[in-house]
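Novice:
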Amino acid sequence: MLDNNQLLRFTTAGSVDDGKSTLIGRLLYDSKSIFEDQLQAIENTSKKKGHEGVDLALFTDGLKDEREQGITIDVAYRYFTTPKRKFIIADTPGHIQYTRNMVTGASTANAAIILVDARHGVIEQTKRHSFIASLLQIPHVIVCINKMDLVDYSEDAYNKVIHQFEEFSSKLLVQDIRFIPISALNGDNVVNRSKNMDWYQGAPLLHTLETMHISSDINKVDARFPVQTVLRPQSESHRDYRGYAGRVASGILRVGDDVTVMPSGFTSKIKSIDTLDKSLSEAHAPMSVSITLEDDIDISRGDMIVRSNNKPEPIQDIEVMLCWLHNNPAKPRAKYSIRHTSNEQKAMIKEVIYKINIESLDRNTEDKELTMNDISKVKIRTTKPLMVDSYRENRTTGSVILIDDATNETVAAGMIV
């Protein structure tokens, strides 16, 4: 049984005019997730623009200057709830110059909805979005074949797109790909089943999102607890309390477990696992807790508590798939701060191994300059070892960001290979 507390994050991607904004508007509208005053404002705007009925795209094109220019920029986050689940939508723009926005919006997603226009089939942008979804290890991809009303709800048109997508996606690392024929404009197969496509036996989009199995998306095997802060309340009731507070990144930790503190290598047993109002026998990702140990060990922010029989590798030379996010290109052999879970060190990009041509997905070993939106495989050297897992195994302990020390701006996001 699904409980309403389970949160599913999904990202939407599609090229310009594939109907992404209309699809999200339709999801919110048909699932009755829009406030009355919002609905009223959008009905008024639709009338002003001379539209018949409600222009669903206006639900997501929320910024005024965006509406005026008729384009959607940056990443817009939308929240909605059904009786079965809570949802966060990261709506990312389709243009190639917004690759970094898609990487940002998709990095924590359980699922990616990729829109394909039934008339045009799989195009370069579809391939690019699918590649980024694969690179970010998004576990579930839903290919929504939109504008079926413009191809007379033809099953052949739908099957043609599936064939095109499957041919290309065999090279990608995606565990679960589903296809849904929809018309976002008319609402076919978005929230309600379509009467126009009785040949399609699958579930509509919302039902798919509500019932998709996502609890196995989190790594439950490798117990990783990055320490964020040390709690020493020294109050009457907690005079000798020394707790290590943070968020369980992955796996399960139980009272009595043998643990090792990285990077020092000291070992102990878990004495208690506490929240603000109670003690627990176990904690799992993504819970925020305080852990106390049987032994008094010197532990500080950036250390990691792990099970003794399952330790990450402390390494200083890290290979990373890096997406450059900043307007200014990377400076050769410049020093940056690298942030990994709660740990921060100094780091340097030692070598650019190759860049990926986002259009053709070819690897370019000649061009070594990192500019905005570039995705490249690089070698990074850190001043002290980081306790890392590969991104494929663990999206939390397998990801890093680089920060420019002079401006304190995030310049790149990386996935450890």
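So for the sequence shown, full-length UniProt numbering puts the first residue at 1; every next one is plus one.
Just so you know, even glycine gets a beta-carbon here, dropped at the ideal spot from N, CA and C.
Is DSSP giving ILE123 helix, strand or coil here?
Specialist: Coil, per DSSP.
Novice: Considering only the alpha carbon of each residue, which of ASP91, ASN110 and VAL151 lies closest to ARG119?
Specialist: Taking only the C-alpha atoms, the option nearest ARG119 is VAL151.
Novice: Count the other C-beta atoms from every protein chain shown that fall within 10 angstroms of the C-beta of ILE416, then say buried if there are 16 or more, exposed otherwise.
Specialist: It counts as buried.
Novice: HIS207 to TYR77, Cα distance in whole Å?
Specialist: Spanning the two alpha carbons is a distance of roughly 21 Å.
Novice: Under 8 Å, with one C-beta from each stretch per pair, do the segment 41-50 and the segment 122-142 reach the 3-pair mark?
Specialist: No contact exists between the segment 41-50 and the segment 122-142.
Novice: Nearest-angstrom Cα distance between MET304 and ILE88?
Specialist: For MET304 and ILE88, the distance between alpha carbons rounds to 29 Å.
Novice: Going residue by residue through the segment 265-325, where are the continuous beta strand (DSSP E) segments of at least 3 residues, counting only ones entirely within it?
Specialist: If we require 3 residues or more, the beta strand (DSSP E) runs fully inside the segment 265-325 come out as 267-274, 282-284, 288-293, 304-307 and 313-324.
Novice: Which of helix, strand or coil does DSSP assign to LEU231?
Specialist: Strand at LEU231.
Novice: Just list the residues that DSSP pairs MET262 with in beta bridges.
Specialist: MET262 is bridged to MET304.
Novice: Can the beta-carbon of VAL306 be found closer than 8 Å to that of MET262?
Specialist: Their beta carbons are under 8 Å apart, which means VAL306 touches MET262 by this criterion.
Novice: Going by C-alpha to C-alpha distance, which of LEU386, SER216, ASP18 and PHE80 sits closest to VAL320?
Specialist: Taking only the C-alpha atoms, the option nearest VAL320 is LEU386.
Novice: Alpha carbon to alpha carbon, how far is ASP17 from TYR244?
Specialist: Going from the Cα of ASP17 to the Cα of TYR244 covers about 50 Å.
Novice: For SER268, tell me which candidate among SER194, GLY256 and ASN357 has the shortest Cα-Cα distance.
Specialist: That would be GLY256, whose Cα lies nearest to the Cα of SER268.
Novice: Report the three-state DSSP secondary structure of LEU185 (helix, strand or coil).
Specialist: Coil.
Novice: Figure out for me which residue from SER33, PRO93 and THR292 has the closest Cα to the Cα of THR81.
Specialist: Comparing Cα-Cα distances from THR81 to each of SER33, PRO93 and THR292, the minimum goes to SER33.
Novice: CB VAL400 to CB ARG363, shorter than 8 Å?
Specialist: Against a cut-off of 8 Å, the Cβ pair of ARG363 and VAL400 comes out as no contact.
Novice: Among the residues of its own chain, which have a CB less than 8 Å from the CB of MET106, if the five just before and after it don't count?
Specialist: Note on residue identity: the sequence assigns Ala, not Met, to residue 106. Closer than 8 Å at the Cβ level, and outside the excluded window around ALA106, lie THR11, ALA13, ALA90, THR92, ALA112, ILE132, ALA133, LEU136 and ILE138.
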